[in-house]
Every structure is written in structure tokens, then in C-alpha cells.
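In what follows, a structure is listed as C-alpha cells, so that the remarks can point back to it.
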Amino acid sequence: MDTNKSPEPTQASNFIRNIVAEDIKNNKNSGKVITRFPPEPNGYLHIGHAKSICLNFGLAAEFNGICNLRFDDTNPSKEEQEYVDSIMADVRWLGFDWQERLYFASDYFERLYDFAVQLINSGKAYVCDLSGDEIRQYRGTLTEPGKESPYRNRTVEENLDLFERMRKGEFPDGARVLRAKIDMSSGNINMRDPVMYRIKHEDHQRTGSKWCIYPMYDYAHPLSDSIEGITHSVCTMEYEDHRPLYDWFLEQLDICRTQQIEFARLNITYTVLSKRKLLKLVSENFVSGWDDPRMPTIAGMRRRGYPPAAIRNFCDRIGVGKRDSMVDMALLEFCVREDLNKTALRVMSVLKPLKVVITNYPEGQYDELDAVNNPEDSSAGTRKVPFSRELYIEQDDFMEEPPKQFFRLAPGREVRLRYAYFIKCESVVKDSAGNIVEIHCTYDPATRGGDAPDGRKVKATLHWVSAAHALDAEVRLYDTLFAKEAPDDIEEGMEFTENLNPKSLEKNIAKVEPSLKSAQPGAQYQFERLGYFCVDSFDSKTGHPVFNRIVTLKDEWAKIQKTAKK
RNA sequence: UGGGGAGUCGUACAAUGGCAGUACGGCAGACUCUGGAUCUGCUUAUAGGGGUUCGAAUCCUCUCUCCCCAGCCA
Numbered sequence: 000m001d002t003n004k005s006p007e008p009t010q011a012s013n014f015i016r017n018i019v020a021e022d023i024k025n026n027k028n029s030g031k032v033i034t035r036f037p038p039e040p041n042g043y044l045h046i047g048h049a050k051s052i053c054l055n056f057g058l059a060a061e062f063n064g065i066c067n068l069r070f071d072d073t074n075p076s077k078e079e080q081e082y083v084d085s086i087m088a089d090v091r092w093l094g095f096d097w098q099e100r101l102y103f104a105s106d107y108f109e110r111l112y113d114f115a116v117q118l119i120n121s122g123k124a125y126v127c128d129l130s131g132d133e134i135r136q137y138r139g140t141l142t143e144p145g146k147e148s149p150y151r152n153r154t155v156e157e158n159l160d161l162f163e164r165m166r167k168g169e170f171p172d173g174a175r176v177l178r179a180k181i182d183m184s185s186g187n188i189n190m191r192d193p194v195m196y197r198i199k200h201e202d203h204q205r206t207g208s209k210w211c212i213y214p215m216y217d218y219a220h221p222l223s224d225s226i227e228g229i230t231h232s233v234c235t236m237e238y239e240d241h242r243p244l245y246d247w248f249l250e251q252l253d254i255c256r257t258q259q260i261e262f263a264r265l266n267i268t269y270t271v272l273s274k275r276k277l278l279k280l281v282s283e284n285f286v287s288g289w290d291d292p293r294m295p296t297i298a299g300m301r302r303r304g305y306p307p308a309a310i311r312n313f314c315d316r317i318g319v320g321k322r323d324s325m326v327d328m329a330l331l332e333f334c335v336r337e338d339l340n341k342t343a344l345r346v347m348s349v350l351k352p353l354k355v356v357i358t359n360y361p362e363g364q365y366d367e368l369d370a371v372n373n374p375e376d377s378s379a380g381t382r383k384v385p386f387s388r389e390l391y392i393e394q395d396d397f398m399e400e401p402p403k404q405f406f407r408l409a410p411g412r413e414v415r416l417r418y419a420y421f422i423k424c425e426s427v428v429k430d431s432a433g434n435i436v437e438i439h440c441t442y443d444p445a446t447r448g449g450d451a452p453d454g455r456k457v458k459a460t461l462h463w464v465s466a467a468h469a470l471d472a473e474v475r476l477y478d479t480l481f482a483k484e485a486p487d488d489i490e491e492g493m494e495f496t497e498n499l500n501p502k503s504l505e506k507n508i509a510k511v512e513p514s515l516k517s518a519q520p521g522a523q524y525q526f527e528r529l530g531y532f533c534v535d536s537f538d539s540k541t542g543h544p545v546f547n548r549i550v551t552l553k554d555e556w557a558k559i560q561k562t563a564k565k
């Protein structure tokens, strides 16, 4: 009975929550709240679904109700078991629990058929022999009313007979359909005798070859909701036009009424959130798969290293409304950093190594220094990091001719190596082409641990690794999948894929501190001063570690450079 | 041009006839052994006109703009 598996119950006010609270106050539905998350198993879940999942499970949790997981599997040509499995895994990973309430619309096929017979008997449904093209023609247009089908006034007996024979498989695909008899002149096209059943001689992933007629969404959905006693059927705005039809079926059948409430679907900058487009990215190999870490899918975000709590938090913060909106990716990234800042262990890694030789440090000697694992969590403890004569620092941390705002290492300048010593740049070694190959520094032994006894200050602290002790690791630096804030904003005749970001993935070999040798798949770390990284669950192997960049740290210097360029 | 829906800081969401608020972003500063985190301050909004009211983002009215609908998809 309890779906309180969802942490941080939603407190933010939104119009749906207000409706539910009001219904409870008025003792509507005897004060019960039953919601459902109804995915079609024809693709992977994405962050837009996460919004719906958080809303539906969150509502149930907050108002002491329940939330069902129901697969809307009414179209065997598009649906697959693979998707059922991934969807369940994703919902669980997000932190929600439907307990024993796992349902399928296909479980209701027999009852749906009986209800259809009932509608035929009451003269509210008929078998129509028009072809697909003809049905479209008869439907009229947005501005012109439709025409009634010549088959509209068949007798109940004939309809019953034909519908039964449809089920028995006597007719080929497309030969006939069952239609609701409503109003061909309605301004709402959904009410112009919508199709309820179509013939598809196709096996269903759950019912096998039992059926060759399958119900349409508009018919199956309200009845499935009603069968489960759903009190609040929450869906996205494009179904608003379908609500009169949704209500019509429940009214004609005089069964348990449930209230459909629509909200605006989520859009996020620099990505797309439509199954069709995501499927295209996968099937045409623009990405490596549904779980490519650049994808806005739950599987992609999980592999990227986004914590589920961060996603839940994001869904709470974006709120729920009815207007078209585009949420800033920066908010999602903020939520990810906020979570990881509290939990991720700090380590030092150098993405683009520049060799540093400490000329006054004895050759062959090494030392171990104490480093804090997480300044936000003292219980995370400390670790030892090796220090020696030859080190690597980040190429970006050295400039031969630094501009005013550059605080890092430069000729003649002293900086701190984190947890180690103050070092001073004495000279720069270049190759014949003039490229900097290494820099020579001296260190001050008195500053061991990172503090100067004489109280002198440095303006920068750099991360580093000991050259002899560092491990090589592949790092995958991800940027937004699309280069354009609104990827769908395209010129006539162009494809959204033209807006793909060619620099969305950059791979290179980094030098990482030796403590990372035992890093487990999925483990998240903060590479100090660089960002949060996650051990890739699929490609990372002992001897060949792979780290995905989850998100960068906020970077003041990058911002200064960016504004300077403009 | 039929039907449905939506317009509040840059973005997203509140305020349901009574001081337009919160978060992210941006800007400025403090602090800092991460140019991280943290802290402080600032910035900017009710699509437009008319009306009702002591008082309107909210109610009425006209206008404008944007989104969705013509699958035997969901």
C-alpha cells in the first residue's frame, strides 16, 4: 500500500497537486488517490518520462495513495520485450516501487472485447468496411465536417457477427475496423467516429497469436484506467483533445469514472526528447546506443553517472505547468553537481599532462602525502598520494605569458601543489619547434602539506600526479549532444540532426592517481578542479580504466576566457 | 478559416481579489589548500487595450502571439 519508496516527497505547489488535494478534501473517490505510469514499450525512457514518473509516484506517495506501472501494449508492431525490461529497470533505478502492481493493457484484452460488444449492443459502435484512405477522406478536415460512413447504420446483429468474425481472423489486415458512433460533424476530430479496433494478424509479445484484432489507445486507455480504479489519470497536453472521447467511453459503459489531467511535457535545452528522434539517433548510429552517455535517456544518464536523486530533485524543481517550456540544461547540471558535491570522493587526475621536473628534489626519492577524500564529508577520511621528482600538471595550468587574470603557474611564479608543496617555475624547456615539453621548478621543503610556515600566500593551487606512479586511463569528455539550444529549431527542409554537436565527445588518455586502480564500475569521483567522473560500466576493464565525465565543475577561469573572447 | 490549450524576471515554477515570490542563470563581493563548495548583495517579469473593484497577474471584455489536433501510432 505504500509507495513511499520515493525520497524527498514533492512539496512544491502545482495545479495537479492542488486538484488532488481538493478532491481529497471533498472526499471524492472516498479520499483515495490511485495514479499510474503508463509507458508504451516501444522505446527507452528519457528524462521527460522521469518527470511523469516523479509526478505520478510522487502524488501517490504524498497523498498516501498508490501508483501502478502499466504498460500500454496495444500495438504489437512497435513493441518489444527489451523495452519492457529496460523500462522496469529504469523506473526502479529512479527509486520508485510499484510493488505487485505491474499491469499490462494486454491483460485486459478480453474485458475490452466484452465492453466493445456492449457498445455494439447499445448501438454505440459499428463495424466499418471503409479502407484507410476512405476513412481519412470521410473524416473531413480541420475546418470541414466529415461525412458519415455508409456502414454506420448496420444492424446490431450484423455488427456483432462481423466483429466476432474480425476476432476469429476471417478478414485480412485493414479490411474492417470497429468504430465508435459519435459525431462526424464534431469540431473535435477525435469524436468523428474514432477507430476502436483494427485487424493486425501479428503476434503480440505477451498474448502471442491469441488476438488478431487490437484496441486503439483512445479506447484501451480510459478503460484500463477505469479497470484499475485510477482516480487521477495524468498525461501530457496533446491528449487534451482526447479527453471528451476518454470521458465518452466511460460514460457510455457507465463504469468507474477517472479524471484525466494534462500537463506540459518537458523540453530541455541542447537536447531532444521525442522517442521518434531518439530512436533515429540510435538506429542511424549518431550515438552508440540508447545508453550512450550523451543521450537524455534514463539509461544514458545512469551510464553517464547522474545520480537518481539528482534527477528526482530536478523533476521537483522544474514544477508542473500547462504551457510550452524549455528548461535550461544548467538546472539539470546544477542538480547533478549539488548531489555529487556531497557524495563524490575527490581524487587528482591530469587530463592533458605537462611534465614538471622538481630540480631540487632528489632523484629516486618519493614521499607520501595525506589528501582529504571529501571536504564535505569528514567521515570519508584521507588517503596517501605519492610525490616524486617528476610530476604532471595540467597544460591549462601553465602559461608562459599569462594575462592579468591568470593566477596559475608561469615563469618565476610560485603556486601550491595540492596537499604537497609550493613550487616555483624556474625555466621552460622547449623542443626544436618551440613547443613547451616540460617545465623546471624548485620546491620549498618547508611547505610540505601545503602550508608555508612563514605565512606567505600563493594565488593558485594546482592538482598534479606523480609521473612514475600515475596510471593511464581513458577519459571521455562529454559536451551537449546538440550545438544549438533548441535543436528542433531548423530551417525548411533541414533535419534536426544537422544541429548535432560535432564536439559532443572527446576521448583522451589521462594520468590518474594510483588510488584509482581499484575503482569499481559505476563509481563516481570528483577529479579535483576538473569535474565529476564515473567509471564506465561497460567499457572499463582492469588494466584499461575508462572514465566518463559526468559534468564539469563550475569554472571561473573558463568563464573569464569566454567573455574575453567576445 | 473548425476544435482545444497557453501567455508572470533570461529560464522554469509560485502567488487563486490584498506587499508579485522561489530556484537556476547572469553580475558584483566575502571566504577558501579545488578559480569547486559555502556566504552576501544586485539584476530583471504579470502580452496589449478597455472595464468591474477601495484594491486585479487573478474577475469581465476585445485584440495580439504561440502550441496541439485531420494514424487502422501512443
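Each residue of the first sequence is one higher than the one before, counting from 0 in numbering that gives the first Met the number 0. Here a beta-carbon is modelled for each residue, glycine too, at the ideal position from N, C-alpha and C. The model shown is predicted, which means the values in this text are computed figures rather than measured ones.
Mind reading off the beta-carbon distance from Leu-339 to Arg-316? Whole number of angstroms is fine, and I expect it under 8 Å.
In fact, because the Cβ distance is near 16 Å, the residues do not count as touching under 8 Å.
Collapsed DSSP secondary structure at Tyr-360 in the structure displayed:
coil
Buried or exposed (CB count within 10 angstroms, at least 16 for buried), Pro-295:
buried
Spatial distance of Lys-321 from Leu-265 (CA atoms):
10 Å
Span of the beta strand (DSSP E) around Thr-381
381–387
From this set, Leu-58, Val-126, Tyr-82, which residue's C-alpha is nearest Phe-95's C-alpha?
Leu-58
Spell out the partners DSSP gives Gly-530 in its beta bridges.
Phe-526, Thr-551
Enumerate in chain order the residues of its own chain whose CB-to-CB distance from Glu-527 is below 6 Å, with the five nearest sequence positions on each side excluded.
Arg-345, Met-347, His-462
Which one of Lys-341, Thr-381, Thr-541, Arg-388 has the shortest CA to CA distance from Gly-363?
Arg-388
Looking at the secondary structure, which residues open and close the alpha helix (DSSP H) in which Cys-53 lies?
46–61
From what residue to what residue does the alpha helix (DSSP H) around Gln-258 run?
Counting along the chain, Gln-258 falls outside any alpha helix (DSSP H), though it belongs to the beta strand (DSSP E) covering 258–262.
Whose C-beta lies closer than 6 Å to the C-beta of Gly-449 among residues of the same chain, with five residues either side of it excluded?
Arg-415, Tyr-418
Cys-126: first and last residue of the uninterrupted beta strand (DSSP E) it sits in:
Per the sequence presented here, residue 126 reads as Val, with Cys not at that position. Element bounds for Val-126: 124–127.
For Asp-488, the three-state DSSP class (helix, strand or coil):
coil
Measuring straight from C-alpha to C-alpha, what distance separates Pro-8 and Ala-60?
Only weak support is given to the placement of Pro-8: the predicted model assigns it a pLDDT of 39, under 50, and the question is left unresolved by the model.
Backbone secondary structure at Thr-541 - three-state DSSP:
coil
For Val-349, which residues does DSSP report across the bridge?
Lys-510
Using only CA atoms, which one of Arg-303, Lys-146, Ile-297 lies nearest to Ala-49?
Ile-297
Helix, strand or coil at Ser-5 [DSSP, three-state]:
Note that Ser-5 scores 35 on pLDDT, short of 50, meaning its location in the model is unreliable; the coordinates nonetheless yield the value given after this. Correct three-state label for Ser-5: coil.
Of the listed residues Thr-257, Lys-429, Gln-251, nearest to Cys-234 (C-alpha basis):
Thr-257
Return helix, strand or coil for Met-0, following the three-state DSSP convention.
For Met-0, the pLDDT reaches just 33, beneath the cut-off of 50, and the residue's location in the model is therefore unreliable, although a value from the coordinates is still provided. If DSSP states are grouped into helix, strand and coil, Met-0 belongs with coil.
Looking only at C-alpha atoms, which of Thr-541, Val-319, Tyr-420 sits nearest to Ser-12?
Val-319
Let me know if Val-19 comes out buried or exposed under the rule of 16 or more other beta-carbons within 10 Å of its beta-carbon.
buried
Provide the residue(s) that pair with Arg-178 in DSSP beta bridges, ordered along the chain.
Tyr-125, Val-194
What residue range does the beta strand (DSSP E) around Pro-295 cover?
That residue, Pro-295, is in no beta strand (DSSP E); it is neither H nor E in DSSP.
Proximal residues to Arg-221 (C-beta, below 7 Å), its chain only, five neighbours per side dropped
In the sequence as presented, Arg is not what sits at residue 221; that position holds Pro. Hits under 7 Å: Tyr-245, Phe-248, Leu-249.
Per DSSP, what kind of secondary structure is Cys-314 in: helix, strand or coil?
helix
Could you give the DSSP three-state label for Lys-423: helix, strand or coil?
strand
Who are the Cβ neighbours of Asp-172 in its own chain at under 7 Å, not counting the five residues just before and after it?
Ile-198, Lys-199, His-200
Please classify His-543 as buried or exposed, where buried requires at least 16 neighbouring CB atoms within 10 angstroms.
exposed
Would you identify the three-state DSSP class for His-231, choosing helix, strand or coil?
strand
Should Gly-304 go down as buried or exposed, given a rule of 16 or more other Cβ atoms within 10 Å for buried?
buried
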